[in-house]
Amino acid sequence: MSREGVLLICILLSSALPGIIIFGLREESTRLRTGLNLLGASLKLTLVVAMDIGIAQGRVFEVRLLLMPGVEIFLNGDPLSALFATLSSVLWFLTTLYAVGYLEESPNRSHFFGYFSLCVTVTIGIALAGNLITFLLFYEMLTLTTYPLIIHRGTEKALLAGRNYLVYTLAGGGLFLFGVVWLQSIAGALDFSSTGLPVDLLGKYHTELVLIFALLIIGVGVKAAIVPLHGWLPQAMVAPAPVSALLHAVAVVKAGAFGITRIVLDVFGIENVLRLQLLPSLTIAASLTIIYGSVRALQQDDLKRRLAFSTVSQISYIALGVGLADQSLALIGGLVHIVHQGLMKITLFFCAGNLAETLGIHRISQMNGVARRMPLTMAAFTVGALGMIGIPPTVGFVSKWYLGLGGLASGNWWVLAVLVVSTLLNAGYFLPIVTAAWFGKQAGPWPQDRKFGSLETNWMLLLPPLVTAFIIMAVGAVANARFSPLAWVRFIVREYGI
Amino acid sequence: MLTTAPAKYRRKRIDPLVVLVFFLLAGVTAMLGRTICIMPQQMPGLENEVARHLHNSGVASPVTAVLLNFRGYDTLLEVMVLFLAVLGVWSLTRATFVGYMGDVSPVQLAMVRLLAPFMFLVAAYLVWQGSHLAGGAFQGGAVLGGAGVLMLITDLPWLPMVPARPLRCGLALGPVVFLSVALGCLIWSGGFLVYPLQAAAFLLVLIEAACALSIGLTLAALFVGGRPYGELMEEQPYEGGSGQGDE
Amino acid sequence: MMSTNLLYSLTGLVLFALGLYALIVCSHLLRKILASNIMSSGVFLMLVSTAYRAGNGKIDPVPHAMVLTGIVVSVSATALALVLACRVQETSNVTLVREEYQHDTSGA
Amino acid sequence: MLIFDADAWIICPIVFPLAASIFFFLSRRTGPVAAPVAALATGVSIIILLRQLLLFGPRHYYIGGWQAPLGITLRFDGPAVLMLAMTGLTGIGITLYARGYFSFRIAAPKRVGRHERQERFFWPLWMMLWAAMNGLFLSSDIFNLYVTMELVSIAAVALAALSGKPASQIAAIRYLLVSFLGSLSYLLGVVFLYKTYGILDLDMLQDIAGAAPGTRVALALITIGLLLKTALFPMHFWLPPAHANALAPVSAILSGLVVKGSFYLLFRFWFEVFSGAISIGALNMLGILGAGAILWGALQAMRQQRLKLLVAYSTVSQLGYLFIAFPLASLEGNMKVWGAVIFMAMAHACAKSAMFMAAGTIYLHIGHDRINELVGIRAYLPVTALAYAIAGVNLMGLPPSGGFIAKWLLLSASFNSMQWWWGVVVMVGSLLASVYVYRVVCQLFIIPEGYTIKKQYPRSHLLEWPAFTLALISLLLGLFAPYPLHILTIGSSNVATIIPGGPP
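Residue numbers (our numbering), protein chains in the order written: chain D, 1 to 498; chain V, 499 to 745; chain R, 746 to 853; chain P, 854 to 1357.
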């Protein structure tokens, strides 16, 4: 195995091993557990950055492992996987810090952090997957590792949410498996490549390929919460805040969106997808989801539920960008949104968790004047919210700008309309929160009020959202810098030669 | 003991399902019968093979040769099946026969007292003759078992008098001897159940004798239908194995 | 003309079928056990009838050995079945195999 | 060490447990101490066989030095050794678990005599069953197979009745009658074969067996007999009560191992020995029954209120997958389907015995197995709860479990042979499996607010870890798939041959 291959394995092990060790730890050994967690997180971050640099230098990162005759586990670090892997490892680091603070006194932490680490391992596995089988393998394992996190609280509501989650994802996983096997029986075991399927298959298996595409997209669409497959996501809100943050920004939803990207770009190939005329349906589904999610978000009073519906809407920007893949600008907008949405959404969830943990606030109607009690948290929240709306210089603006340009370039004026409407809706459901928090009058005492010395809340809860808020601003401001996500996405798109 | 079914379970009218089963079975049987009829009626079996190798088997009777030598492995397993039956029966319940007799006519008593020793003799003869004529361990064992059963139902309760350990040893004698000989052959002549030619006759008689004893004992033990008292270390007398199960 | 061996074979087959019929139709345990014994007798009869059919007067000893083994196996199974049937009658007072008794719903 | 030739190792997996069985019968006290030793010895002998297979390829061993057709031949090839490995792995696990189980029960204050009886007879019966299973996989003589099958059945019935519960005894006698009927049907098939060919050796039969009328009838009779013993839907009625009412280690043995024996024979008969006599219609019939088993078993499992019954019905369902392989094997290159079947059998053996062990541990600790009242088990039996969950992952066929590999192979075989509908059945079965697995896992893993452990239970590592280890093996089996699949191909020419008799 080459040095690069070893690096890939180490990236996976850097969170898997701490996870397994943590399972065996006793509940009381908090310090050791935290140490292991942070060690794993920082190690992983370092290794992923090393991989990024290697990829930028043109080195090849590959590991192959025979699973059965004709079926390989193939890990491959290409620019697209680097994008997702980097996002995951950065945000995992912050989320771990946050989770340590968040769960300081709750029971079953060994259990929680064990699955937490495995979950990230699997997410990175999805990022690094080099063929559909490997992707499938990690994709199914993601279901298994996130399920215990969702039901972590063990309440009736959590169990119900968990059940729905399983119903949706396992059914989706089943369809996905079906599609994968079918595709393999037609095309053989194919690695991801920028060219996609061999062209000669298209004529021979036109109908089959369309069906397979539908199966695969539905399979990943469940996790990406594309309407009408989104039902599990708002319910999954009962999970602890770090889990929600992880689910929405990094792991599950993002894995789904990433899957759509992979299927369109690397499994079928843009040329083939265009030839089969599969993209319009994807674009339409994405647009509907964007509008639907925003409208539903408007109606929610529960803060986390509003954020959840906002995720439904925002994730589909990625699908929209991929759906317009023939336009490089739109594709850039979609891909870069993988990173941008993650940053913004995780900030918002961190802040929501802070409010709940410190003041017991769960509803938007309770938030009047909360910014005077927790100015830093609400500042971060405001940055995230403005980003979601798409106001410069935040990162949200960059995504929407590119998507809009792409839509115009492709001649689909309605894409622009969708963007405008969704921006207005975004503003409609985020701005009232922000104004109420900053300018509203506190109606009564907070449901609870925990004191943390001179800080407004535990420093481990405060630091992560501030960092991500800063990144949102910074990355938005210097979007054209050499190592910004945007530059990296341009690097990716160049490979597809559109 | 089992009783016959109470009257309400007896069928009064003809169940259509039964008719269906009847005709179905009749059809299948007819089909099988037809297959038997059209099958070649004269088809050599393995008699020539057996005849060719008989002189190497150590016995003169072809059936015994097949049983103990050519297909000795089958017979080893068969002895194990009997042994297993005792194990299974013992695991189920205590012997219920102990102590119960009822009226035995003096004629029967006298008859059995006379007959039993004779039956032992016949059994021994059958085992011995098995090496060249019809007969062998199973026939001998069956007669032995018959004698045992006769004695048991004639108020000669010899079985409860045998202490637990010797009884176990007696039951296991056949399997142990057979298996030991088989393994001994492995060391002696390099193959499982490959009898050394010069010792084959002796070994076969040894196996037959041990098995006959065990089979006789086994049949009697099966007839009694349960483990003897003293088989378990902490068993209370007349626990009876009944009562509500706890799992 | 029907040869001896064929006659025995067919008789064995009929015995087997009769036993099978009784096994299916009778619900009393003892009858079921007896029925299965008749079935095995039928099979053994068929098996032993194959011993004499080479046409040259020679007798094949292998079926004999197989029948002997089969009888012993059948005796063992029957013994276990009878004792089990007694136990069933003792503990649950059931002599019929019927649906109601197959699930122990109490769980304890 | 010994002067006999290396081939003689083939009898060790049979002789070791056989001798152990007699020994445990003779001496009342040694069972718990010596059983792990005997199990380990058997395991080691299987490993040695495996090594010999890798070094020298498949072998025949003539017992008593008499070659077929006169004598009985033992044969080990890839599939047989893999099945032996299955019994070895599961057997060692079950033996260790049973030790923990009985010592835990005997430590419990109630009904001392009964518990002693159970342990006293468990060891010899189990060892005998194990020996017979190994004999079954190695034997290459149709009549000898009958004897080993009877040995297996009688031991299995005695074990099933061992718990002493009335329900278990009724279940056991049904089991005995069904299994006896199956054996007789099989034996009748053997009679037809002997009438037709005058031969009992499988390899020789394979060379000469054609589509003669006697062959088809014999194959039909043998198939019916083996199907009864394998409990294929709709002949499964005896299985759930027998498996669910037995003692936990016994349930593990019955569900994990015993049903696989007759299935293995069936597969071997159809695709090696009588591949010339099978027809597409019959294959599809078996496939349909298999599909029925998958769906019906899963639906029944969802409805059960008792954990052990649920697990038992899931066995009915999982056995169905094995029969889906039949119609696929006719068209697809045989290798893939053999792989699927062997994988399914191995993974299911490990997972199902782990499940029954976990269920038994739960039963021992809380005194019942009503699914709706299993809340909070994780709090004091974390390893067991996890073992159950992992085994469940296997039944659902999610990666990286062995069950996933099996389902993958089945799916891809179904697409490659243009019979995608079998693939649909497999997928639906997996989804249904996840429903019934989820029902229990969700209960096990809930810890309600304010839940406290009522009393401090004694911890028994032997109760928890064997189940966990077996579950883990079944989970990780998928990652090591190339090795078993490689061993399978050593199997002999039989495995690699493409089945004739089907359309091109």
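Backbone N, C-alpha and C define an ideal beta-carbon position, used for all residues, glycine too.
Item to complete: Give the single residue among P/V934, P/V886, P/G884 whose Cα lies nearest to the Cα of P/H1339.
Response: For the purposes of this step, residue 1339 of chain P is taken as the residue at position 486 of the fourth sequence. Here the closest residue by C-alpha is P/V934.
Worksheet item: Using a Cβ cut-off of 9 Å, which residues of the region 509-537 of chain V contact any Cβ in chain P, in chain order?
Response: M529, L530, R532, T533, I534, I536, M537
Worksheet entry | Cβ pair V/C709, V/A635 closer than 8 Å | As a working note, residue 709 of chain V is residue 211 in the second sequence. As a working note, residue 635 of chain V is residue 137 in the second sequence. Yes, the pair counts as a contact, with Cβ atoms nearer than the cut-off.
Worksheet item: According to DSSP, is D/D302 helix, strand or coil?
Response: Taking the first residue of the first sequence as position 1, residue 302 of chain D is located at position 302. Strand at D/D302.
Worksheet item: Tell me which same chain residues have a C-beta within less than 8 Å of the C-beta of P/F878, skipping the five on either side of it?
Response: To locate residue 878 of chain P, count along the fourth sequence from 1; it is residue 25. Hits under 8 Å: P977.
Worksheet item: Using the C-alpha atoms, what's the distance from P/M1199 back to D/L17?
Response: Your numbering for residue 17 of chain D matches position 17 in the first sequence. Your numbering for residue 1199 of chain P matches position 346 in the fourth sequence. The straight-line gap from Cα to Cα measures roughly 28 Å.
Item to complete: Compare the beta carbon distance of D/M237 and D/R305 with 8 Å and say whether it is the shorter of the two.
Response: As a first step, residue 237 of chain D is located in the first sequence; it is residue number 237 there, counting from the start. As a first step, residue 305 of chain D is located in the first sequence; it is residue number 305 there, counting from the start. In this structure, D/R305 lies closer than 8 Å to D/M237 by Cβ.
Practice prompt. Assess, as a yes-or-no matter, whether the region 1199-1214 of chain P is touched by the region 1092-1106 of chain P under the definition of 3 or more beta carbon pairs within less than 8 Å.
Written response: yes
Worksheet item: Is DSSP giving D/E27 helix, strand or coil here?
Response: Taking the first residue of the first sequence as position 1, residue 27 of chain D is located at position 27. D/E27 falls in the coil class under three-state DSSP.
Worksheet entry | Contact under 8 Å by Cβ, P/N987 with P/I925 | In the fourth sequence, residue 987 of chain P corresponds to position 134, counting from 1. In the fourth sequence, residue 925 of chain P corresponds to position 72, counting from 1. No.
Worksheet item: P/A1349 by DSSP, collapsed to three states: which one?
Response: Numbered from 1 along the fourth sequence, position 496 holds the residue referred to as residue 1349 of chain P. Confidence at P/A1349 is low in this model, with a pLDDT of 37, below 50, so the placement of that residue should be treated as unreliable; the coordinate-derived value is given next. Three-state DSSP puts P/A1349 in a helix.
Worksheet item: Using the beta-carbon count (16 or more within 10 Å), is D/S294 buried or exposed?
Response: Position 294 of the first sequence, counting from 1, holds the residue named residue 294 of chain D. Under this definition D/S294 is a buried residue.
Worksheet item: Hey, is the region 1273-1280 of chain P in contact with the region 1232-1246 of chain P, meaning 3+ C-beta pairs nearer than 8 Å?
Response: no
Discussion item. Determine whether the beta carbon atoms of P/P1253 and P/L1328 lie at a separation below 8 Å.
Written reply: Along the fourth sequence, read from residue 1 onward, the residue named residue 1253 of chain P stands at position 400. Along the fourth sequence, read from residue 1 onward, the residue named residue 1328 of chain P stands at position 475. Against a cut-off of 8 Å, the Cβ pair of P/L1328 and P/P1253 comes out as a contact.
Worksheet item: Residues of chain R with a CB under 8 Å from the CB of P/V1000: which are they?
Response: As a working note, residue 1000 of chain P is residue 147 in the fourth sequence. Per Cβ cutoff of 8 Å: T814, V818.
Worksheet item: What first and last residue would you give for the beta strand (DSSP E) that runs through D/E72?
Response: In the first sequence, the residue the question calls residue 72 of chain D occupies position 72. From DSSP, the beta strand (DSSP E) with D/E72 extends over 71-77.
Worksheet item: Just how far apart, CA to CA, sit R/L763 and D/G173?
Response: Numbered from its first residue, the third sequence carries residue 763 of chain R at position 18. Numbered from its first residue, the first sequence carries residue 173 of chain D at position 173. Roughly 53 Å separates the two Cα atoms.
Discussion item. Within 8 Å, do at least three Cβ pairs link the region 1048-1055 of chain P to the region 1005-1023 of chain P?
Written reply: no
Item to complete: State yes or no: is the beta carbon of R/S748 nearer than 8 Å to at least one beta carbon in chain P?
Response: Taking the third sequence and counting its residues from 1, the one referred to as residue 748 of chain R is at position 3. Output row for R/S748: interface = no.
Worksheet item: Can you list, in chain order, the residues of the region 652-675 of chain V whose Cβ is nearer than 9 Å to any Cβ on chain P?
Response: A662, R663, R666, C667, L669, A670, P673, V674
Worksheet entry | Start-to-end residues for the alpha helix (DSSP H) that takes in D/M374 | Here residue 374 of chain D is taken as the residue at index 374 of the first sequence, counted from 1. Here D/M374 belongs to no alpha helix (DSSP H), and DSSP marks it neither H nor E.
Discussion item. Is it the case that the region 621-630 of chain V contacts the region 545-559 of chain V, given that we only count it when at least three CB pairs across the two stretches are under 8 Å?
Written reply: yes
Worksheet item: Within the 8 Å Cβ cut-off, does R/L792 reach chain V?
Response: Mapped onto the third sequence, residue 792 of chain R falls at position 47. For R/L792, the answer is no, since every Cβ of chain V falls outside 8 Å of its Cβ.
Practice prompt. Please decide whether P/Y1047 counts as near chain R, where near means a Cβ-Cβ distance under 8 Å.
Written response: Residue 1047 of chain P sits at position 194 when you count from the first residue of the fourth sequence. For P/Y1047, the answer is yes, since a Cβ of chain R falls inside 8 Å of its Cβ.
Discussion item. As an exercise, report each continuous beta strand (DSSP E) stretch of at least 3 residues that is fully enclosed by the region 383-440 of chain D, in chain order.
Written reply: none
Discussion item. In whole angstroms, give me the CA-to-CA distance for V/G741 and P/I1023.
Written reply: As a first step, residue 741 of chain V must be located in the second sequence, where it is residue number 243. As a first step, residue 1023 of chain P must be located in the fourth sequence, where it is residue number 170. Legend: pLDDT at V/G741 = 37, less than 50; position of this residue unreliable, no value from coordinates given.
Fill in: Cβ neighbour criterion (16 or more within 10 Å) applied to V/Q637
Sequence index remark: in the second sequence, residue 637 of chain V carries index 139 (1-based). It counts as buried.
Worksheet entry | Whole-angstrom distance between D/L278 and P/A1334, CA atom to CA atom | For this step, residue 1334 of chain P is matched to residue 481 along the fourth sequence. For this step, residue 278 of chain D is matched to residue 278 along the first sequence. Near 36 Å, if we compare the C-alpha coordinates of D/L278 and P/A1334.
Worksheet entry | Stretch-stretch touch, CB-based, cutoff 8 Å, three pairs: the region 335-354 of chain D with the region 405-422 of chain D | no
Fill in: Element boundaries [alpha helix (DSSP H), containing D/E357]
Within the first sequence, the letter at position 357 stands for residue 357 of chain D. First-last of the alpha helix (DSSP H) with D/E357: 328-359.
Worksheet item: By the 10 Å Cβ neighbour count, where 16 or more other Cβ atoms means buried, how is P/L871 classified, buried or exposed?
Response: Counting from 1 along the fourth sequence, the entry for residue 871 of chain P is found at position 18. Buried, by the Cβ-count rule.
Practice prompt. Quick one: using the 10 Å Cβ neighbour count with 16 as the cut-off for buried, is R/V817 buried or exposed?
Written response: Residue 817 of chain R sits at position 72 when you count from the first residue of the third sequence. Its Cβ being crowded by 16 or more others within 10 Å, R/V817 is buried.
Fill in: Assigned secondary structure, R/L825 (DSSP; H/G/I helix, E/B strand, else coil)
Here residue 825 of chain R refers to the residue found at position 80 when the third sequence is read from its first residue. Looking at R/L825 - three-state DSSP - the assignment turns out to be helix.
Worksheet item: At a CB-CB cut-off below 8 Å, which residues of chain P make contact with D/I151?
Response: Counting from one through the first sequence, the residue named residue 151 of chain D turns up at place 151. Those within 8 Å of D/I151 in chain P are C1295, F1298, I1299.
Practice prompt. Spatial neighbours of R/P808 within its chain, please: CB distance less than 7 Å, with the 5 preceding and 5 following residues excluded, ordered by chain position.
Written response: Here residue 808 of chain R refers to the residue found at position 63 when the third sequence is read from its first residue. Cβ neighbours of R/P808 beyond the five flanking positions: L792, V793, T795, A796.
Item to complete: Give a yes or no on whether the C-beta atoms belonging to D/F93 and D/A171 are separated by under 8 Å.
Response: As a working mapping, residue 93 of chain D is identified with position 93 in the first sequence. As a working mapping, residue 171 of chain D is identified with position 171 in the first sequence. Their beta carbons are not under 8 Å apart, which means D/F93 does not touch D/A171 by this criterion.
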